[in-house]
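Presented below is the structure to which this report refers.
There are 2 protein chains.
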Amino acid sequence: MASEAPLGKRLNIENINPHVRTAKYAVRGELAVKSEEYRATLAKGDPHDLPFNQIISANIGNPQQLDQQPITFFRQVLSILENPVLLEKEDVLINHLGYKPDVLERAKWLLKKVGSVGAYSASNGVPAIRQSIAEFLERRDGFPANPADIYMSAGASSGVNTLLHIICANDKTGILVPIPQYPLYTASLSVLNATCVEYHLDESKNWGTDLAVIKQAHEKAKADGVDVRAIVIINPGNPTGASLPEEDIRAVIDYARQERLVILADEVYQTNVFVGEFISFKRMLRQLQKENPGAYDQVELASLHSISKGMVGECGHRGGYFELVGFDPAVQAEIYKFVSIMLCAPVIGQCLVDLMVNPPKLGEPSYELYQKEYDAIFNGLKERATALHKAFEQMEGVECGSPQGSMYLFPTITLSKKAADAAAAEGRTPDEFYCMQLLEATGVCVVPGSGFGQKDGSLHFRTTFLAPGTEWVGSIVKFHKEFMDKYRD
Amino acid sequence: MASEAPLGKRLNIENINPHVRTAKYAVRGELAVKSEEYRATLAKGDPHDLPFNQIISANIGNPQQLDQQPITFFRQVLSILENPVLLEKEDVLINHLGYKPDVLERAKWLLKKVGSVGAYSASNGVPAIRQSIAEFLERRDGFPANPADIYMSAGASSGVNTLLHIICANDKTGILVPIPQYPLYTASLSVLNATCVEYHLDESKNWGTDLAVIKQAHEKAKADGVDVRAIVIINPGNPTGASLPEEDIRAVIDYARQERLVILADEVYQTNVFVGEFISFKRMLRQLQKENPGAYDQVELASLHSISKGMVGECGHRGGYFELVGFDPAVQAEIYKFVSIMLCAPVIGQCLVDLMVNPPKLGEPSYELYQKEYDAIFNGLKERATALHKAFEQMEGVECGSPQGSMYLFPTITLSKKAADAAAAEGRTPDEFYCMQLLEATGVCVVPGSGFGQKDGSLHFRTTFLAPGTEWVGSIVKFHKEFMDKYRD
Chain Y
1 MASEAPLGKR LNIENINPHV RTAKYAVRGE LAVKSEEYRA TLAKGDPHDL
51 PFNQIISANI GNPQQLDQQP ITFFRQVLSI LENPVLLEKE DVLINHLGYK
101 PDVLERAKWL LKKVGSVGAY SASNGVPAIR QSIAEFLERR DGFPANPADI
151 YMSAGASSGV NTLLHIICAN DKTGILVPIP QYPLYTASLS VLNATCVEYH
201 LDESKNWGTD LAVIKQAHEK AKADGVDVRA IVIINPGNPT GASLPEEDIR
251 AVIDYARQER LVILADEVYQ TNVFVGEFIS FKRMLRQLQK ENPGAYDQVE
301 LASLHSISKG MVGECGHRGG YFELVGFDPA VQAEIYKFVS IMLCAPVIGQ
351 CLVDLMVNPP KLGEPSYELY QKEYDAIFNG LKERATALHK AFEQMEGVEC
401 GSPQGSMYLF PTITLSKKAA DAAAAEGRTP DEFYCMQLLE ATGVCVVPGS
451 GFGQKDGSLH FRTTFLAPGT EWVGSIVKFH KEFMDKYRD
Chain F
1 MASEAPLGKR LNIENINPHV RTAKYAVRGE LAVKSEEYRA TLAKGDPHDL
51 PFNQIISANI GNPQQLDQQP ITFFRQVLSI LENPVLLEKE DVLINHLGYK
101 PDVLERAKWL LKKVGSVGAY SASNGVPAIR QSIAEFLERR DGFPANPADI
151 YMSAGASSGV NTLLHIICAN DKTGILVPIP QYPLYTASLS VLNATCVEYH
201 LDESKNWGTD LAVIKQAHEK AKADGVDVRA IVIINPGNPT GASLPEEDIR
251 AVIDYARQER LVILADEVYQ TNVFVGEFIS FKRMLRQLQK ENPGAYDQVE
301 LASLHSISKG MVGECGHRGG YFELVGFDPA VQAEIYKFVS IMLCAPVIGQ
351 CLVDLMVNPP KLGEPSYELY QKEYDAIFNG LKERATALHK AFEQMEGVEC
401 GSPQGSMYLF PTITLSKKAA DAAAAEGRTP DEFYCMQLLE ATGVCVVPGS
451 GFGQKDGSLH FRTTFLAPGT EWVGSIVKFH KEFMDKYRD
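Protein chains in written order, with the UniProt record's numbering: chain Y, 1 to 489; chain F, 1 to 489.
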């Protein structure tokens, strides 16, 4: 059959989808790949010449890869959902395995509503779980929510992907995206070949929003012929760790109303707040609607949440949801169809969403342990954030606001010309160079600020404060001192 | 703050992404939505005037929504993965809950390799599980596989989405897609604004491939300026239920080689084969490479598999993978980056892939029960397929080849002009009209052939044969007779 000579590969780097090619996603980029290679080397146990004995993955908010233990109540319920036959041995579960009665009750309730966790659910998620979410939102915000406006997703990332797919009509569609930002946004807009309209956050005000800056970016984009349709807000901030004050949220909603911008509120860190309280965009919008009857009725808001962060930290289960407010029903029907194509979000992840939004209540058998575990995680994160911040304060040329929320610190680093030249010689930006040197010297993997966007001339890196212990913080301090000495101008 | 009058919604059906709007996905379309409304009505338990008492969801291959029980070994392992603390009570698991030692061993092994199932894995999947898959592929095909070429995904759908995103560069990129097809392909190509180049399967030859027809479709597309890059094959077939013979597979690979087409082999029904044996594209490609040294080295193949189908039937867990053969490493790096943006496939689903490809072996404690359950599911599906086929044979104007594989039958129906006119009066195609009438009369939900594509003038519907019992088959027979009588010309 075969006779002609082969002609080379059909697909090559030059002819594949150019929009995928231009997408950047540094959180899992070169540094992360290299850190995994080192981890594999260390795991082999053979003699090696690496100057460290473990990899600290501070590049990604992945709590259970590090120290964070899952919440007992959640995992006990999931174990029954995965093997419902266990319910035939209630006495064993209770008397031998220490499962409390409310664990069994919740598992039974979920199984009744879900059927098998091995079956596809409705495309937008299990109706009873969307009802649980709606009730949670009402408790959280003091305003009702409608399960029909809630769409469950495989983590918040998948929700963002859905929303951007709907909103972006062509390459002139613009989305206002904060800089620095979690690169899901810029990467997704690259893939969709839409326009990312960057607006800078104000580092001098704890990385808050500055309406004048947003307006300037927006006006410039409009003048360039961009059809700006939406604004992304990440609150609490990623990578910044900021927690937005009420006045910033009000100002953004008001601007969105005036300018007819859809608000995409990424609120996955809503329980990771150390300073002040979390205020949801939904609550603030409803409050503005109440204060100004009719005036805010046309505002369209999508707010996203996830089981990956907070004290839940169940990234691997890929659960999340978004709630729509004020969307046109015909547009919602298209969203439903779009999510249908991928069938449904993982059902076990959907069940975890139910557990997250409806945890054991005071007086219930599992409450005490749940609350103890929850508080221990919260306090542990706060302590580590404080300790890491304290270390940064002592480091030459490093500036970092106090920890406010999320799982990250995003310090400014000031590097010498000599360091910049050494970086350029390797074809790297100075922050990439710094982070690569840090990895190679200490095994600590962080992400350079350029992976999130930063003002020209400024340099940062993002680190989680999830890793336990203080040794790795000490190794950063030591590395930094040596780096600064080595590259002193 | 608020002063100006609202201006209407920013997003409406006219201005959202037109490529999402044009996408069609009938498997979860109007009929499915209506069937869920009926199900909700019936679930309320109030008096109703529906002429049926249950909904039979024969529209979607969702085994565990119907009769299929999960495999005990799989779910026992998952229950431990979700709650690893159970391993502290080995005696309880073994003596009180009947877990066999190999369940505990597998859970320990997976936990060692995965860490917590609540943590993100590597973007392309847990390395040890990709190794398991590679070993499975080698056992299945007799040729080695490389874990570095395996990418784990959230079901096969997500894998198809990834591959099409990479391949489709612009609206001139064409993909050869079989008609009828599972509408994931046409829907994804719509969203990507690429060109679907339809080639018809040969109903007269059990829905096999006809190379002359493929060539004709391909040549026409090329003449129209389409840059045809890939060919999709679904084997065993969806919706057709076909199982391709070796000569069809050889012919497609040879054509792909000559024409430099990437082969996308959707092989998710590889264990649902009733006639002959499943032959993977990978095995046949390697065999051709062996027989013709050098000649097939440039062929690029992506083959997809899933935990959703077969005797596993774990749709809700969203697990799957694809293997690449002959892809350019630089292209693979872009695939890695693309999947990174959504972080990773659900980790519990990844673990289920491991269990699927590496089930209990002869001599291991869980083997006997596993094999018994597996065989019962296989035989049950075969029996139901045969019974349903027999019913179709007795129905006026219905023609259907014998069941060969997958989970579907796709009979031709011949309807009267009177039926066609009644359909047109409702703005429906005749097959949509027939299926809607079937749902309204019996509660049985199937999908009209137009949802998959069919030759002009021909009419079909797709039904799964997953539902237990024979009552629902009887209700189809009865409905059909009444429908034919009512609409007789």
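Ideal Cβ placement from N, Cα and C applies to all residues, glycine included.
For chain Y, find out if any of its Cβ atoms is closer than 7 angstroms to the Cβ of S340 (chain F); answer yes or no. As a first step, residue 340 (chain F) must be located in the second sequence, where it is residue number 340. Yes, contact with chain Y.
Anything in chain Y within Cβ reach of E198 (chain F), meaning under 9 angstroms, just list it in chain order. Along the second sequence, read from residue 1 onward, the residue named residue 198 (chain F) stands at position 198. Correct list: empty, because the minimum Cβ distance to chain Y is about 18 angstroms.
Looking at N83 (chain F) and K76 (chain Y), is the spacing between their C-beta atoms short of 7 angstroms? Counting from one through the first sequence, the residue named residue 76 (chain Y) turns up at place 76. Counting from one through the second sequence, the residue named residue 83 (chain F) turns up at place 83. A quick correction: the sequence has Gln, not Lys, at residue 76 (chain Y). Yes, they are a contact pair.
Within-7 angstroms CB hit, C435 (chain Y) to chain F: Numbered from 1 along the first sequence, position 435 holds the residue referred to as residue 435 (chain Y). Chain F, which has no Cβ nearer than 7 angstroms to the Cβ of C435 (chain Y), makes this no.
Here's the rule: buried if 16 or more other CB atoms are within 10 angstroms of the residue's CB, otherwise exposed. What is A212 (chain Y)? Counting from 1 along the first sequence, the entry for residue 212 (chain Y) is found at position 212. Exposed, since its Cβ has fewer than 16 Cβ neighbours within 10 Å.
What does R28 (chain Y) touch in chain F if you count any residue whose Cβ is under 7 angstroms from its own? Taking the first sequence and counting its residues from 1, the one referred to as residue 28 (chain Y) is at position 28. In chain order: S123 and S340.
Select from Y:V268, Y:E373, Y:P147 and Y:I413 the residue whose C-alpha is nearest the C-alpha of L324 (chain Y). Here residue 324 (chain Y) corresponds to residue number 324 of the first sequence, with the count starting at 1. The residue with the shortest Cα to Cα distance from L324 (chain Y) is Y:P147.
In terms of alpha-carbon separation, which member of Y:R28, Y:V473 and Y:Y255 lies closest to G123 (chain F)? The sequence position of residue 123 (chain F) within the second sequence is 123, counting from 1. Per the sequence presented here, residue 123 (chain F) reads as Ser, with Gly not at that position. The candidate whose alpha carbon is nearest that of S123 (chain F) is Y:R28.
Local conformation of R260 (chain Y) per DSSP, three classes: Along the first sequence, read from residue 1 onward, the residue named residue 260 (chain Y) stands at position 260. Here R260 (chain Y) sits in coil by DSSP.
Span of the beta strand (DSSP E) holding S340 (chain Y)? Taking the first residue of the first sequence as position 1, residue 340 (chain Y) is located at position 340. Unbroken run through S340 (chain Y) is the alpha helix (DSSP H), P329 to I341; no beta strand (DSSP E).
Please check if any C-beta of chain Y sits within less than 7 angstroms of the C-beta of residue 491 (chain F). Any answer about residue 491 (chain F) is impossible in this case: the structure gives chain F only from 1 up to 489.
Pick helix, strand or coil for E4 (chain Y), following the three-state DSSP scheme. Here residue 4 (chain Y) refers to the residue found at position 4 when the first sequence is read from its first residue. With a pLDDT of 47 at E4 (chain Y), under the threshold of 50, the modelled position of that residue is not reliable, and the figure given next carries that caveat. Coil, per DSSP.
Label residue 501 (chain F) either buried or exposed according to how many other C-beta atoms from any shown protein chain fall within 10 Å of its C-beta, with 16 as the threshold for buried. In the structure displayed, chain F extends from 1 to 489; residue 501 (chain F) sits before or after that span and is not available.
Along chain Y, which residues have their Cβ under 8 angstroms away from the Cβ of E105 (chain F)? Here residue 105 (chain F) refers to the residue found at position 105 of the second sequence. Result: empty, since nearest Cβ-Cβ is about 17 angstroms, beyond 8 angstroms.
State the Cα-Cα distance for the pair E334 (chain F) and E203 (chain F), rounded to the nearest angstrom. Walking along the second sequence from the start, residue 334 (chain F) turns up at place 334. Walking along the second sequence from the start, residue 203 (chain F) turns up at place 203. Between E334 (chain F) and E203 (chain F), the C-alpha separation is close to 38 angstroms.
Taking the alpha helix (DSSP H) that E105 (chain Y) falls in, what are its first and last residues? Counted from its first residue, the first sequence places residue 105 (chain Y) at position 105. It spans P101 to V114 - the alpha helix (DSSP H) in which E105 (chain Y) sits, taken as one unbroken run.
Does any residue of chain F have a CB that is nearer than 7 angstroms to the CB of Y367 (chain Y)? Within the first sequence, the letter at position 367 stands for residue 367 (chain Y). No, no contact with chain F.
Go through its chain and collect everything with a Cβ distance to K486 (chain Y)'s Cβ below 6 angstroms, but skip five positions before and after it. Walking along the first sequence from the start, residue 486 (chain Y) turns up at place 486. So the list is empty, once near-sequence residues are dropped.
Neighbour-count burial assignment, H48 (chain Y), 16 or more Cβ in a 10 Å radius: Taking the first residue of the first sequence as 1, we reach residue 48 (chain Y) at position 48. Exposed is the call here.
Alpha carbon to alpha carbon, how far is Q270 (chain Y) from I476 (chain Y)? Give it in angstroms, no decimals. Position 476 of the first sequence, counted from the first residue, corresponds to residue 476 (chain Y). Position 270 of the first sequence, counted from the first residue, corresponds to residue 270 (chain Y). Straight-line Cα distance between these residues: approximately 29 angstroms.
With DSSP collapsed to three states, give me the class of T470 (chain Y). In the first sequence, the residue the question calls residue 470 (chain Y) occupies position 470. In the structure shown, T470 (chain Y) sits in coil (DSSP, three-state: anything other than H, G, I, E or B).
Does the beta carbon of N62 (chain F) fall short of 6 angstroms from some heavy atom of the ligand ATP? Ligands displayed in this structure: none; no statement on the ligand ATP is therefore possible.
So, does the CB of H305 (chain F) fall closer than 7 angstroms to a CB anywhere in chain Y? Counting from 1 along the second sequence, the entry for residue 305 (chain F) is found at position 305. No, because no Cβ of chain Y sits closer than 7 angstroms to the Cβ of H305 (chain F).
Give me the chain F residues within the contact set of V262 (chain Y), using Cβ-Cβ distance strictly less than 7 angstroms, ordered along the chain. What you label residue 262 (chain Y) is simply residue 262 of the first sequence in a count that begins at 1. Per Cβ cutoff of 7 angstroms: R10 and L11.
For Y434 (chain F), the three-state DSSP class (helix, strand or coil): As a working mapping, residue 434 (chain F) is identified with position 434 in the second sequence. Reduced to three states, the DSSP call for Y434 (chain F) is helix.
CA-to-CA distance, V357 (chain F) to M484 (chain Y), given in whole angstroms: The residue given as residue 484 (chain Y) occupies position 484 in the first sequence. The residue given as residue 357 (chain F) occupies position 357 in the second sequence. When rounded, the distance between both Cα atoms is 52 angstroms.
Can you list, in chain order, the residues of its chain whose CB lies under 8 angstroms from that of Y370 (chain F), leaving out five sequence neighbours each side? On the second sequence, position 370 is the one that residue 370 (chain F) refers to. Cβ within range, chain order: I71, T72, F73, P359 and P360.
Pull up the distance between the alpha-carbon of R106 (chain F) and that of L163 (chain F), whole angstroms please. For the purposes of this step, residue 106 (chain F) is identified with residue 106 of the second sequence, where counting begins at 1. For the purposes of this step, residue 163 (chain F) is identified with residue 163 of the second sequence, where counting begins at 1. Taking the straight line from one Cα to the other gives about 32 angstroms.
For a contact defined as C-beta to C-beta under 8 angstroms, what are the partners of V117 (chain F) on chain Y? As a position in the second sequence, residue 117 (chain F) is number 117, starting the count at 1. Chain Y residues near V117 (chain F): G316 and H317.
To be precise: take each residue of the region 269 to 297 of chain F, compare its Cβ to all Cβ atoms of chain Y, and keep it if any distance is under 7 angstroms. Which residues remain? N292, A295, Y296 and D297
What is the DSSP secondary structure of R139 (chain Y), reduced to helix, strand or coil? Position 139 of the first sequence, counting from 1, holds the residue named residue 139 (chain Y). If DSSP states are grouped into helix, strand and coil, R139 (chain Y) belongs with the helices.
The alpha helix (DSSP H) that contains E82 (chain F), what's its start and end? Position 82 of the second sequence holds residue 82 (chain F). Per DSSP, E82 (chain F) belongs to the alpha helix (DSSP H) from T72 to E82.
Going by beta-carbon coordinates alone, are P430 (chain Y) and L415 (chain Y) separated by less than 7 angstroms? Residue 430 (chain Y) sits at position 430 when you count from the first residue of the first sequence. Residue 415 (chain Y) sits at position 415 when you count from the first residue of the first sequence. Result yes, Cβ atoms of P430 (chain Y) and L415 (chain Y) sit closer than 7 angstroms.
Residue closest to I56 (chain Y), alpha-carbon to alpha-carbon, out of Y:H480, Y:W472, Y:K478 and Y:S458: The residue you call residue 56 (chain Y) lines up with position 56 of the first sequence. Among Y:H480, Y:W472, Y:K478 and Y:S458, the Cα nearest to that of I56 (chain Y) belongs to Y:W472.
Within-7 angstroms CB hit, A212 (chain Y) to chain F: Numbered from its first residue, the first sequence carries residue 212 (chain Y) at position 212. No, its Cβ sits nowhere closer than 7 angstroms to a Cβ of chain F.
What distance in whole Å lies between the Cβ atoms of S308 (chain F) and F322 (chain F), which are believed to be in contact at a cut-off of 8 angstroms? On the second sequence, residue 322 (chain F) is found 322 positions in, with the first residue counted as 1. On the second sequence, residue 308 (chain F) is found 308 positions in, with the first residue counted as 1. Wrong, their Cβ atoms sit about 14 angstroms apart, outside the cutoff.
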